[in-house]
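Using my numbering, read the sequence shown as starting at -9 and increasing by one per residue.
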Amino acid sequence: MQVEFYNTKSHVSETKHISQALLILLSKGLPLEELPKTKALILAGDKFQFRNTYSISLLTKK
């Protein structure tokens, strides 16, 4: 699963595998117990905002 990983402060958008994005969030301070909920939210198609710095959303094929 590919996601868009967007840094709202530097305005940099990258395409990453969802597991890579989740590892980055963990390294930035996302509590481990929040990981399953965060993954489910992203996979459901919702945008996940973390600390007003990172925005992660599922990439959909057009």
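The beta-carbon is built from N, C-alpha and C at its ideal position, and this holds for glycine as well.
Being a predicted model, the structure only gives us computed values, none of them experimental.
*Can you tell me which of 43, -7, 35, 50 puts its alpha carbon nearest to the alpha carbon of residue 10?*
The residue you call residue 10 lines up with position 20 of the sequence shown. Of 43, -7, 35, 50, the residue nearest in Cα terms is -7.
*Strand pairing of residue 0, partner residues [DSSP]*: In the sequence shown, the residue the question calls residue 0 occupies position 10. Its beta-bridge partners do not exist; DSSP assigns none.
*Based on Cα-Cα distance, which residue from -2, 27, 41 lies nearest to residue 35?*
The count along the sequence shown starts at 1 and reaches residue 35 at position 45. Taking only the C-alpha atoms, the option nearest residue 35 is 27.
*Among 42, 43, 29, 24, which one has its Cα closest to the Cα of residue 7?*
Residue 7 sits at position 17 when you count from the first residue of the sequence shown. For residue 7, the nearest C-alpha among the options comes from 29.
*Report the option in 18, 23, 33 whose CA atom is closest to the CA atom of residue 40.*
As a first step, residue 40 is located in the sequence shown; it is residue number 50 there, counting from the start. When each option's Cα is compared against that of residue 40, the closest is 18.
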